[in-house]
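Below: one structure, written as structure tokens.
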Amino acid sequence: MLVSFMTLCGIISTFAWFTFKSKDPTLSIDALSLPTFDTSNSTLTATYDVCLTFHNPNDVLKLDFEEMEVFVFYKRHYAFAGSTMESFGMDAKETKSLNATLGKIGAHWTWEESVLEEIRGDRKKGTVGFDFLIRETVIFKGPWWLWWKGKETMAHYCSNLEVRFVNATDVGRLIRKRGHSAPKCHEVCMSCRDQIL
């Protein structure tokens, strides 16, 4: 009798798993501002305030974000700053926005002076482009009747985020085209360096 019950539960769980197969969370950048951005004296003094919006597309699965790292790049190859974020959870179909601040204040410049010159040139034209890489370790948890839990490490890449500077002392702000939704980030393969860089 017990064996039959366990077999039935296994069949139900397997059917439910294929019916409610896990879907990875989606991510968009709702806001990005640079209250500090100075390239004088061969250093980069900058802070990046970014609003990340996650969506859990799963019908029944909850998500626990155990670890998350956020990095900002210039022209895909030059990493300017990074930060970690606290763990958090999401219910099925939930959307959640989180704020992160990244920055290296007065850090010694590790790239060539020519990169700083490129940044200065972009800023004089009014806009500087940035990319963001977000690495996440996520636990997928089913309800009690599904008896299933999975863990996955993934990454989202948010490219071509144009930040506008009105003048030399202005706070840089993300350009949002009227009528357009927040910039979407695409999921990339963690082991495929070419996809990220």
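Take the sequence shown: its letters are residues -16 to -1, 1 to 181, numbered as in mature numbering (1 follows the signal peptide of the UniProt record, and there is no 0). Idealized CB from N, CA, C, for every residue including glycine.
Residue 147 is positioned such that its CB atom lies closer than 9 Å to that of residue 156. Bridge pairing for residue 33: 17 and 85 [DSSP]. Here the alpha carbons of residue 65 and residue 5 stand approximately 36 Å from one another. The beta-carbon separation of residue 35 and residue 81, rounded to 6 Å, stays under the 8 Å limit for a contact. By DSSP's assignment, residue 73 forms a beta bridge with 48. If you compare the alpha carbons of 124, 73, 37 and 119 with that of residue 83, the shortest gap goes to 37. Taking residue 51 as the centre and dropping the five residues before and after it, the same chain places the C-beta of 121 closer than 6 Å to its C-beta, in chain order.
Per DSSP, the continuous alpha helix (DSSP H) segment holding residue 105 begins and ends at 97 to 109. In summary, residue 169 is buried, with 16 or more beta-carbon neighbours lying within 10 Å of its beta-carbon over all protein chains present. Residue 149 has no beta-bridge partner at all, per DSSP. Closest in C-alpha terms to residue 132, from the list 145, 32 and 123, comes 123.
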